[in-house]
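Some notes on the structure that comes next.
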Amino acid sequence: MCTRVAWNGGGAHFMAITGYGYPADDPAEVTIWIQDSIYGTTSMLLSEYPGQYHSGGTWTHTYYTAPQTS
Numbered sequence: 207m208c209t210r211v212a213w214n215g216g217g218a219h220f221m222a223i224t225g226y227g228y229p230a231d232d233p234a235e236v237t238i239w240i241q242d243s244i245y246g247t248t249s250m251l252l253s254e255y256p257g258q259y260h261s262g263g264t265w266t267h268t269y270y271t272a273p274q275t276s
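Note that my numbering gives residue 220 to position 14 of the sequence shown, counting from 1, and the numbers run on in steps of one.
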């Protein structure tokens with residue numbers, strides 16, 4: 207899944223969320239893996255994204271992806 211984030215300081219950027227996981231004892235604590243062409247690979251709590259991702263921002267768009275078919 208790809209996301210567009212509008213930064214708090216202006217501008218916007220696209221990133222891909224490529225995975226997620228959560229501890230068995232607290233499924234509310236979802237961790238996501240982010241692939242970013244500027245910052246590389248990052249993991250963080252879904253509840254903190256994108257407000258606490260680098261300069262912070264607002265998630266404005268979602269683009270779903272699918273595996274390529276033959």
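The beta-carbon is built from N, C-alpha and C at its ideal position, and this holds for glycine as well.
- Rounded to whole angstroms, I240 and P233 show a C-alpha spacing of 19 angstroms.
- Among the bridge pairs identified by DSSP, A222 is matched with C208, Q241.
- For G263, the enclosing beta strand (DSSP E) has its first and last residue at 263-269.
- Contact between V211 and M221 is confirmed by a C-beta separation of about 7 angstroms, below the 8 angstroms threshold.
- In this structure, the CA atom of W265 is about 17 angstroms from the CA atom of T271.
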